[in-house]
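Residue numbering for the sequence shown follows this note's numbering, beginning at 35 and increasing consecutively. Take a look at the structure set out below.
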Amino acid sequence: TPRQIMAVFMVQGASAGIVGALLGALLGTLLASQLNNLMPIIGALLDGAALPVAIEPLQVVGIALAAMAVALLSTLYPSWRAAATQPAEALRYE
């Protein structure tokens, strides 16, 4: 049914958004926490200067939730279009 098709697209988009946001938050936090250790390796610091690193957990969670919401919202239109498409009509041009 169109409702099931829409649900499949929404679940796919939401799961990709959740995985991406969680990986991004985890890797971003890890990279930010080790930033001053990594800068000399890539030669980006001059005269031994360091960058201040302050990781706010509430901000990380908020940004991850916002990324998940954007991913979910971005699946609405494609899932609506997929639900409205007749299978025979879609296969006609393949």
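The beta carbon of each residue, even a glycine, is placed where N, CA and C say it ideally should be.
Within the continuous alpha helix (DSSP H) that includes GLN46, where are the two ends?
Segment 36-67, the alpha helix (DSSP H) holding GLN46.
Inter-residue CB distance, ILE39 and ALA116 (contact presumed, cutoff 8 Å)
5 Å
May I have the straight-line CA-CA distance separating LEU61 from GLN46, to the nearest angstrom?
22 Å
If you drop the 5 nearest sequence neighbours on each side, which residues of the same chain put their C-beta closer than 7 Å to that of ILE89?
THR63, ALA66 and SER67
N-terminal and C-terminal residue of the alpha helix (DSSP H) that ILE89 is part of
Here ILE89 belongs to no alpha helix (DSSP H), and DSSP marks it neither H nor E.
Please identify the residue among ASN70, LEU125 and ALA98 whose C-alpha is closest to the C-alpha of ALA50.
ALA98
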